[in-house]
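**Student:** Going by this note's numbering, 317 is the number at position 101 of the sequence shown; the sequence numbering is gapless.
Quick one: structure below, then a few questions.
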Amino acid sequence: MSRILVVDDEDAYRRHLQLALSNEGHEVRTAANGREAIDMGTRLRPDVLLTDWMLRDDIHGLHVVQVLHAVWPEIRALLMTAFPSEHLRSEAAKSHILDFIEKPFGLERLRQAVARTEHHEETTQHFGSLAVLLVNRAGRIVNANERATDMLATLAPRQQPERFVSLFHADAVPDLDAANDRWVATRPLTPRPTRWYVRSQEPQVDGSRLIVLQVADETRLASAGLIGMLLGFSPAGRTRWPFEQRVLVIDPDSLNRTWFVSILENSGAGCYAVENLEQGKRLLASDPDLKFALVDCARLTREGQPCVEQLRATRDGVVVVAVTDNPEREQAKYADIDFFLPAIWRIEDLIGLLTQNEAEDADK
């Protein structure tokens with residue numbers, strides 16, 4: 217039997233899954249959103265992660281999979297969704313998802329998916345991309361993932377790394393409160409002089425906190441997004457998404473979708489991407505926090521004004537932003553589009569337009 221973490225923002229559905237899997241003999245814990253799932257998953261170390269794609273915060277199901285896999289690469293992940301799309305399938309395939317479960321599904325489908333994870337064997341060995349410690353209120357190391365264990369193995373042979381402070385020279389013990397806000401350089405008790413960098417989570421209710429370790433020659437930039445989601449902070453120097461509402465990307469081109477999602481998620485925006493209007497309408501109808509629609513203007517040209525009308529009929533007040541090679545020309549052509557972005561745009565461009573829209577609404 218497996219230890220399973222179930223993540224779904226619908227209370228009744230989450231309890232239903234918990235009961236069904238518990239009746240099969242599994243140990244089941246649940247989380248209601250992405251933040252809770254990451255905090256619980258890093259501490260629980262589940263065998264199986266069963267998560268919905270759409271979650272009611274800016275961390276969706278794929279994010280949860282990616283972060284937990286960076287800490288515990290042996291986790292076997294299953295993704296649930298009522299909104300299957302080629303874009304989501306493609307992203308799931310890149311994220312170590314073992315099964316893609318379309319809602320609604322029966323209990324037999326769920327049993328089969330979980331059973332397959334129990335017999336799944338990796339053909340290649342994976343190592344977590346992050347070195348992570350869990351330290352309790354007293355400063356004792358509760359657990360360390362494989363990459364962190366490898367770093368601890370480089371300490372002088374007589375060192376007993378039971379407590380966090382015992383990893384470092386007495387005059388180089390890092391201030392974990394300072395490490396909440398920035399990377400802190402320190403000197404571990406290794407046979408040869410070296411430097412580690414430490415980043416910490418704010419203490420949780422029980423006083424425990426996650427700590428990320430990196431050696432001096434590792435780049436912290438490449439993993440900044442994962443580390444930010446793991447520890448719950450925003451990478452420094454990035455323009456932050458200032459709105460609570462999320463963005464829907466509708467574009468038939470997979471490269472555009474991936475690029476747009478990358479720009480949005482790097483700013484902390486919650487977003488979903490689909491390849492056609494019908495999928496977009498279904499998402500708008502189901503998620504009350506979707507307020508902005510980023511649309512390929514070429515699709516408007518092909519499908520005409522009804523595309524925008526259908527979006528607004530689905531969600532009154534949705535703000536439609538079209539991406540085009542020629543904003544001036546398209547602005548004259550499509551009077552009902554709220555804003556136009558150039559084909560090559562920055563997150564500051566989009567935020568500037570939407571902030572202007574919010575200010576105009578406030579003045580009405």
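Just so it is clear, CB atoms sit at the ideal spot from N, CA and C, and this is done for glycine as well.
Computed from a prediction, not measured in an experiment: that's the story for all the values here.
Go to Ala596, then tell me how far its alpha helix (DSSP H) extends in each direction, as first and last residue.
**Tutor:** Outside the displayed span of the chain (217 to 580) sits residue 596, for which this structure offers no information.
**Student:** Below 8 Å on the Cβ atoms is my contact criterion, and I expect Asn359 with Ala347 to pass it. Report the Cβ-Cβ distance as a whole number of Å.
**Tutor:** No, Asn359 and Ala347 are not in contact; Cβ-Cβ is about 12 Å, not under 8 Å.
**Student:** Return the chain-ordered ranges of every alpha helix (DSSP H) run that is complete within the segment 426-474 and spans a minimum of 4 residues.
**Tutor:** Entirely contained in the segment 426-474, the alpha helix (DSSP H) runs reaching 4 residues are, in chain order, 440-447.
**Student:** What do you get for Phe556, buried or exposed, if any count of 16 or more other CB atoms within 10 angstroms of its CB means buried?
**Tutor:** Burial call: buried.
**Student:** Is the separation between the beta-carbon of Ala489 and that of His303 shorter than 7 Å?
**Tutor:** Cβ atoms of Ala489 and His303: closer than 7 Å.
**Student:** Looking at the unbroken beta strand (DSSP E) that takes in Val244, where does it start and where does it end?
**Tutor:** 243-247 is the span of the beta strand (DSSP E), which, as asked, contains Val244.
**Student:** Between Thr455 and Ile563, is the Cβ-Cβ spacing less than 7 Å?
**Tutor:** Cβ distance < 7 Å, so Thr455 and Ile563 count as in contact.
**Student:** Between Phe299 and the rest of its own chain, which residues show a CB-CB distance below 8 Å, the 5 nearest in sequence each way excluded?
**Tutor:** These residues qualify, in order along the chain: Trp269, Met270, Tyr488, Val490, Gln495, Arg498, Leu499, Ser502.
**Student:** Using the beta-carbon count (16 or more within 10 Å), is His279 buried or exposed?
**Tutor:** Its Cβ being crowded by 16 or more others within 10 Å, His279 is buried.
**Student:** Just the C-alpha distance for His242 and Met256, rounded to the nearest angstrom, thanks.
**Tutor:** Their backbone Cα atoms lie some 17 Å apart in a straight line.
**Student:** List the endpoints of the continuous beta strand (DSSP E) containing Leu557.
**Tutor:** 555-558 is the span of the beta strand (DSSP E), which, as asked, contains Leu557.
**Student:** Hey, how far is the Cα of Arg403 from the Cα of Glu460?
**Tutor:** Cα to Cα, Arg403 sits roughly 40 Å from Glu460.
**Student:** Within 10 angstroms of its Cβ, does Asp552 collect 16 or more other Cβ (buried), or is it exposed?
**Tutor:** Per the 10 Å Cβ criterion, exposed.
**Student:** Classify Ala485: buried if its beta carbon has 16 or more other beta carbons within 10 angstroms, exposed otherwise.
**Tutor:** Classification of Ala485: buried, given that the 10 Å Cβ count is 16 or more.
**Student:** Could you please give me the residues that DSSP links to Asp268 through a beta bridge?
**Tutor:** Asp268 is bridged to Met296.
**Student:** Under the three-state reduction of DSSP, which class applies to Ser311: helix, strand or coil?
**Tutor:** Coil.
**Student:** Look at Ile254 and Val222 and say whether their C-beta atoms are less than 7 Å apart.
**Tutor:** For Ile254 and Val222, no; Cβs fall outside 7 Å.
**Student:** In the segment 323-411, which residue ranges form an unbroken beta strand (DSSP E) of at least 3 residues, counting only runs that do not cross its ends?
**Tutor:** Taking only runs of at least 3 residues, the beta strand (DSSP E) segments lying wholly in the segment 323-411 are 347-351, 357-360, 400-402.
**Student:** Would a C-beta distance cut-off of 7 Å place Gly355 and Arg379 closer than the cut-off?
**Tutor:** Cβ distance < 7 Å, so Gly355 and Arg379 count as in contact.
**Student:** Mind checking if Val535 is an interface residue toward chain B, Cβ cutoff 7 Å exclusive?
**Tutor:** Absent from the structure: chain B. Only one protein chain is present.
**Student:** Alpha carbon to alpha carbon, how far is Gly444 from Gln547? Give it in angstroms, no decimals.
**Tutor:** Those two C-alpha atoms are separated by around 38 Å.
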